[in-house]
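So the structure is just underneath, and the comments pick up after that.
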Amino acid sequence: MGPTKRYVMWDTATNGLPDDEVLFIFGHESGHYALHHIPKGFALSAVGLFFVYGACAAFAAWMARRFGAGWGTSDLHPTDGDVSEGTPALSSRTGFVVLLFSISIASFLLEPVSNAVSQHFEHQADVYGQEAIHGIVPDPQKTAVAAFNALGQSWLEDPNPNPFIEFWLYDHPSEQHRAEFAAHYDPWKNGGHGEFFKY
Ligand SMILES: [Zn+2]
């Protein structure tokens, strides 16, 4: 946030990886900064959550109206002055619990949406990182592949994850897919240039 932005790399990476691969990881993280992924992520979350939380509140209020009478709660909203009847209001403690329940269901169902955005940003940062080290390390493809393999090993990541699990739960593309892409990403052959660096 603001002037507190910083780049952090743990000693587990800097001590365990060759300099070329550390440089690639630095390029990847710089990509998040240069491509404004953090403010974009905040903006998307703010707009998304505005609607998601609105829908959750509406769903929780409907649950309380439809089923609340049978919950045996003392948080009843009297319909005609009789406090033993009616349904819990969304603003009661019971309503709050139902709201939390709705949000946790929505979070689970929408996980692939936020993960798709995150995976897209991570892929862009991978491309940026690989382009950033072009001309600095002898073989950007080999360096990136080696870095992904090392990261996958240190995170104990499944080397061949189920595609559905990757789609639903992974906030980064799998190391397998990142390494496969990196091995074949070579925009410089035949005199071309990268997507983010025009040389
Ligand atoms: Zn990243």
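Numbering follows numbering that gives the first Met the number 0, with no gaps: position 17 of the sequence shown is 16. Quick reminder that beta carbons are idealized off the backbone N, C-alpha and C, glycines included. As the structure is a prediction and not an experimental result, all values here were calculated from the model.
Which residues does DSSP pair with residue i in a beta bridge?
i, result
"residue 126", "Partner(s): none; residue 126 has no beta bridge."
"residue 133", "136"
What is the DSSP secondary structure of residue i, counted as helix, strand or coil?
i, result
"residue 7", "coil"
"residue 72", "coil"
"residue 48", "helix"
"residue 187", "coil"
"residue 113", "helix"
"residue 198", "coil"
"residue 91", "coil"
"residue 192", "coil"
"residue 34", "coil"
"residue 103", "helix"
task: State whether the region 138-151 contacts the region 17-32, with contact taken as three or more CB pairs (one from each stretch) at a distance under 8 angstroms.
output: By the Cβ rule, the region 138-151 counts as touching the region 17-32, because three or more pairs are nearer than 8 angstroms.
query: At a cut of 8 angstroms, does the region 21-38 reach the region 129-138 through at least three beta carbon pairs?
result: Contact between the region 21-38 and the region 129-138 is present, because at least three Cβ pairs lie under 8 angstroms.
- request: Spell out a yes or no on whether the region 37-50 and the region 168-175 are touching, meaning 3 or more CB-CB pairs, one atom from each, closer than 8 angstroms.
  value: No, the region 37-50 does not touch the region 168-175.
Shell residues, 6 angstroms Cβ cut-off relative to heavy atoms of ligand 1: Those residues are 27, 31, 121, 124, given in chain order.
query: In chain order, which alpha helix (DSSP H) runs of at least 4 residues are fully inside the region 141-171?
result: 162-168, all fully within the region 141-171.
- request: Kindly confirm or deny that the region 56-67 and the region 83-93 touch, where touching means at least three C-beta pairs closer than 8 angstroms.
  value: With a cut-off of 8 angstroms, the region 83-93 and the region 56-67 count as touching, because enough Cβ pairs lie within range.
- prompt: How about the region 25-37 and the region 93-108: do they share at least three Cβ pairs that are nearer than 8 angstroms?
  reply: By the Cβ rule, the region 25-37 does not count as touching the region 93-108, because fewer than three pairs are nearer than 8 angstroms.
query: Contact between the region 183-198 and the region 111-130: three or more CB pairs below 8 angstroms?
result: By the Cβ rule, the region 183-198 counts as touching the region 111-130, because three or more pairs are nearer than 8 angstroms.
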